Structure formats: structure tokens, C-alpha cells
Amino acid sequence: MYEAVTATPDGESTVRRFAATAARQGFDGVVVRNTEEADPAFDATAVREAHDVDVVDATEVVADDPTGASGPLSEARRAHTVLCVRGGTPKLNRFAAEEERVDVLTKPMAGRGDVNHVIARAAADHDVRVEFDLGDVLRASGGPRVQALRGLRKLRELVEQYDVPYVVSGSPRSHLQMRAPRELRALGEAIGFDAAAIEAGLAEWGVLAERNRRRRSADFIAPGLERGRHDTER
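All residue numbers for the sequence shown refer to this note's numbering, where the first residue is 4 and numbers rise by one.
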């Protein structure tokens, strides 16, 4: 299972600190999803060797509208293993859900965000994961927490109805905000999610990373078609 984190300078903790905490808590890896403008410039191999957890290079495209989000996609797709687009409005959510270059639509219910059957179907058709962001449930209170719970429950119904791929995150910006997988499972059950569904959503980050690393390798030609030994020997 993996946690998707925001490291310095966007967040408050370094990649190494996140990795060390993830290792203690029982995660298999962390996905570092800073924005392009706040690249933490970490050595994934060195961090992996020091803490025995996988470190995935990701980025999160943040924009005010679909036009602003579309510009960085091609370069971000080439430069990073996992590509996320932050939602938060119906237009951004639909744009990300319909864009095959995108791996994950993050924070779809934040702010003025909403997901309907059209967006859910588009995400399923284009193999875009939607994020169940547990951050506000973990750290907010009062009205914002109630709103976050309402959004998660609506999103869960649509994901189940349309078989939408998904990921789960506590979206920590500090290593002190990280919660172990067992804690996230317990939280999920408390708000009406199946524990196995929470586990699957945490594991899906790793599935994405493995798939995309394979696609970026020299042996990959197209989905279902890779170079074999005889091809490389020519």
C-alpha cells in the first residue's frame, strides 16, 4: 500500500522524512505529488535504499480551468511516472476524467467540485482513477468535515455504480499528518467504506506506478506489446 504525499517546498516535510515515516507505519511506498513549480528534487534510489520503501515520482497539475490544465500535460506526462490533475470544479473534473494522459483526478469533491454520472462514466471509459481524499475527514471539523463526508459518500456510490477505478489517500503535507494503513482502514469503516476497498485504493497507487514504469521502459511498444529478447538482440 502507498500513501500520496506533498513534500517540501509545497508541503512541510522532506521526501526522506515521509519515507522514514511510511516505513515505520507499514506502507510499501510513497507517491510524491508536488506541483511542477515546487519540485522537491529528490534522489528516489537513495531514499529507497535508505528506508526500504518505494518512492514514486509524480506531479499534480493545478489550474483554474481546463485550458490552464491542458497546457502542461504533455511535458508532465513525459517527465513523471504518475500524472495527477487536481479537480475542484465540475469543468476541471470532467476535463481530467476525459483525458487519457491523466492517471488520477485528485480532490474531485473539494471546493465547488462535484462528480455526476457523466464524469464517472468518462473516468471509467478513459481509465482515470478518482481520488477518495480522506484528508478533510482526518483534519477538518464542523461544517467542512460534514461536507467532506457527504462528498465521499456520493463519490463512493458513483464509483460503485459505474465501476470507476480509484485511489485512496490521507493527503498528508507533513509526516506528522500521516496515518498508518490500519488507521485509514478504521476511518473508512467508520464513515461507511469497506476496509478492503480502502486497502485496494491505497494499493492502486503502486499498481499505477508499476504500470507506468513499464510503459516508460525501452521494452514497451504499446499496451499488450513489448520487445522480447530476440528483438533487443537485433
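We put the CB at the ideal spot given by N, CA and C, even for glycine. Predicted model only: the values in this text are computed from it and were never measured.
Secondary structure of residue 135, DSSP reduced to three states = strand
Separation of residue 202 from residue 185, as counted between CA atoms = 9 angstroms
Would you call the stretch 104 to 116 and the stretch 75 to 92 in contact, with 3 or more CB pairs under 8 angstroms?
-> yes
Can we say the stretch 168 to 179 touches the stretch 131 to 150, given the rule of at least three CB pairs closer than 8 angstroms?
-> yes
Closer than 7 angstroms by C-beta to residue 11: which residues in its own chain qualify, once you throw out the five before and the five after it? Chain order, please.
-> 17 and 43
Report the residue from 115, 78, 117 and 116 whose alpha carbon sits nearest the alpha carbon of residue 105.
-> 78
Compare the C-alpha of residue 121 against each of 131, 97 and 211 and name the closest.
-> 97
Cβ distance (whole Å) where residue 194 is taken to contact residue 158 below 8 angstroms = With 8 angstroms as the limit, residue 194 and residue 158 do not qualify as a contact, their Cβ atoms being about 12 angstroms apart.
Does the distance from the CB of residue 141 to the CB of residue 173 come in under 7 angstroms?
-> yes
Secondary structure at residue 144, three-state DSSP: helix, strand or coil?
-> coil
Simplified DSSP state of residue 167, which is helix, strand or coil | coil
Looking at the structure shown, is residue 80 part of a helix, part of a strand, or coil, going by DSSP?
-> helix
Should the stretch 13 to 28 be called in touch with the stretch 51 to 59, which here means at least 3 C-beta pairs below 8 angstroms?
-> yes
Report the option in 102, 191, 146 and 196 whose CA atom is closest to the CA atom of residue 70.
-> 102
Could you have a look at residue 6 and say whether DSSP puts it in helix, strand or coil?
-> strand
Skipping 5 residues on each side, what residues in its chain have a beta carbon closer than 8 angstroms to that of residue 225?
-> Caution applies to residue 225, whose pLDDT of 49 falls short of 50 and renders its modelled position unreliable; the model cannot decide the point.
Under 7 angstroms between the Cβ atoms of residue 65 and residue 100?
-> no
Label residue 82 either buried or exposed according to how many other C-beta atoms from any shown protein chain fall within 10 Å of its C-beta, with 16 as the threshold for buried.
-> exposed
Within the same chain, show all residues whose beta-carbon is closer than 7 angstroms to that of residue 216, passing over the 5 residues directly before and after it, in chain order.
-> 84
Can you tell which of 37, 36, 32 and 198 has its C-alpha closest to the C-alpha of residue 48?
-> 32
Residue from 200, 197, 188 and 183 whose Cα sits closest to the Cα of residue 27 = 183
Could you round the C-beta distance between residue 139 and residue 95 to whole angstroms and report it? I think they count as a contact, below 8 angstroms.
-> The Cβ separation is near 18 angstroms, so there is no contact.
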